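In the working numbering, the protein residues as written are 157 to 265.
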């Protein structure tokens, strides 16, 4: 019984170590490790957000754009604050994704 528990504990330890070694670096850590371009943030005005589900749809559409790291929606202000990698995508691509979902977006000036 004691050796079974020891083997199980060893297996769980190795499995845990393997999971941590195989996981990719979070975007911020990968960026600082690779010396890639810094992230940019932009605020968009988003039209047609009238119900509680609208911000969810906008967020998912914008997060679906490759290079977007985060999207924060302010339903009351009808805005989206987006952080993205300008080496991968543009504000125009992010706005287009929102527009394609039925919520036209434009960068605030």
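The C-beta atom is built at its ideal place from N, Cα and C for all residues, glycine as well. On a predicted model such as this, the values are computed, not experimentally measured, just so you know.
Residue 254: buried (16+ other C-beta within 10 angstroms of its C-beta) or exposed?
So residue 254 ends up on the buried side.
Less than 9 Å between the beta carbons of residue 239 and residue 226, yes or no?
A Cβ-Cβ contact shorter than 9 Å links residue 239 with residue 226.
Are the beta-carbon atoms of residue 242 and residue 201 separated by less than 9 Å?
Contact flag unset, no.
Compare the beta carbon distance of residue 198 and residue 222 with 9 Å and say whether it is the shorter of the two.
In this structure, residue 222 does not lie closer than 9 Å to residue 198 by Cβ.
Exposed or buried, what is residue 177 when buried is set at 16 or more other beta-carbons lying within 10 Å of its beta-carbon?
Because residue 177 carries a pLDDT of 38, less than 50, the predicted location of this residue cannot be relied on, and the following value inherits that uncertainty. So residue 177 ends up on the exposed side.
Under DSSP, the beta strand (DSSP E) around residue 233 begins and ends at which residues?
Here residue 233 belongs to no beta strand (DSSP E), and DSSP marks it neither H nor E.
Between residue 182 and the rest of its own chain, which residues show a CB-CB distance below 8 Å, the 5 nearest in sequence each way excluded?
Caution is warranted here: a pLDDT of 44 is assigned to residue 182, below 50, making its placement in the model unreliable, and the coordinate value is therefore given only provisionally. For residue 182, same chain residues with a beta-carbon under 8 Å away, outside a window of 5 residues either side, do not exist.
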